[in-house]
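Trainee: In terms of the working numbering, the sequence shown opens at residue 1290 and continues consecutively.
For every residue, glycine included, the Cβ atom is placed at its ideal position computed from N, Cα and C.
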Amino acid sequence: MGSQWSKDRNYIRAMREGYRSRAAYKLQEIQERHHIMRDDDNVVDLGAAPGSWLQVARQATGGRIVGIDLNPILPIEGVTIIVGDFTRDDTREKARSILGQVSVVLSDASPKLSGHRSYDQARAIGLGEEALAFACRVLKTGGNFVLKSFQGEDFHILLAQVRKYFLSVKTFRCRASRKGSSEIYIIAKNFTGCQYDSEGPL
Ligand SMILES: C[S@@+](CC[C@H](N)C(=O)[O-])C[C@H]1O[C@@H](n2cnc3c(N)ncnc32)[C@H](O)[C@@H]1O
């Protein structure tokens, strides 16, 4: 069975089941394996358009949910959408004012790809660092963080940075990722806080 077929199969399944994209199955897998979100968790999703992770998060928790993206997202009941750049202070503060305590930060954000492999990889790592900085600024102690990244040059540096701030950090490849993709998720649990680290991302 070729990758094209499995891509179509996941896409068709997503449309049939009412999800906005096939990415829904990645967060479902992460949730099933790693129990990132609990019943009443407040969640912020970075790079959330078109919104399938928000749909899965809505099913996983009864807490407040905020989705942030550069692009507009069609409304989802029980979810607050912020159209903006999550690397900006004002966007982060808006999310924090809506959520109060944040238990979970999700990031499936990707930069626009140029096709130049090492340039794209460097930008993806940079965006991952920004997502980590966001998480460190808003998460409550004990909170969880899921970060999409891409295996390659400097991935180990990003992973080491995440390890500084969470008690448990694992990597996870989703079955729903495209065949041959270097996409990999960092699953970080139990945030310990950033305030004591002068070398940190803050
Ligand atoms: C792969 S899509 C996310 C798919 C989403 N998880 C879903 O399930 O529908 C990546 C998104 O990251 C967003 N993005 C990239 N950089 C961003 C930034 N600095 N601030 C907000 N969104 C960003 C892009 O606009 C894009 O919509």
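Helix, strand or coil for L1335? Go by DSSP, reduced to three states.
Mentor: strand
Trainee: Spell out a yes or no on whether the stretch 1305–1323 and the stretch 1369–1383 are touching, meaning 3 or more CB-CB pairs, one atom from each, closer than 8 Å.
Mentor: no
Trainee: How about L1421 and A1346: do their beta carbons lie closer than 8 Å?
Mentor: no
Trainee: For L1456, tell me which candidate among F1434, D1329, G1336 has the shortest Cα-Cα distance.
Mentor: F1434
Trainee: Based on Cα-Cα distance, which residue from N1360, L1447, Y1314, K1468 lies nearest to V1458?
Mentor: That would be L1447, whose Cα lies nearest to the Cα of V1458.
Trainee: Helix or strand or just coil, what does DSSP make of A1312?
Mentor: DSSP places A1312 in coil when its eight states are reduced to three.
Trainee: Work out the CA separation of V1355 and V1332 for me, nearest whole Å.
Mentor: CA-CA distance, V1332 to V1355, rounds to 6 Å.
Trainee: Taking the straight line between their C-alpha atoms, what separation do you get for R1298 and V1368?
Mentor: Answer to the nearest angstrom: the Cα atoms are 28 Å apart.
Trainee: Return yes when the C-beta of I1365 is under 7 Å from any heavy atom of ligand 1, and no when it is not.
Mentor: no
Trainee: For my contact list, R1385 and V1427 are in at a C-beta cut-off of 8 Å; report their separation, rounded to the angstrom.
Mentor: 5 Å
Trainee: Are there 16 or more other CB atoms within 10 angstroms of the CB of V1372, so buried, or fewer, so exposed?
Mentor: Counting Cβ neighbours within 10 Å, V1372 comes out exposed, since fewer than 16 surround it.
Trainee: Whose C-alpha, out of P1364, T1350, Y1308, W1342, is nearest the C-alpha of D1397?
Mentor: Of the residues P1364, T1350, Y1308, W1342, the one whose Cα lies closest to the Cα of D1397 is W1342.
Trainee: Assuming R1353 and I1325 are in contact, meaning their beta carbons sit under 8 Å apart, how far apart are those beta carbons, in whole angstroms?
Mentor: With 8 Å as the limit, R1353 and I1325 do not qualify as a contact, their Cβ atoms being about 16 Å apart.
Trainee: Cα-Cα, which of I1473, Q1410, S1403, A1337 is closest to I1362?
Mentor: A1337
Trainee: With H, G and I counted as helix, E and B as strand and the rest as coil, what does DSSP make of K1437?
Mentor: strand
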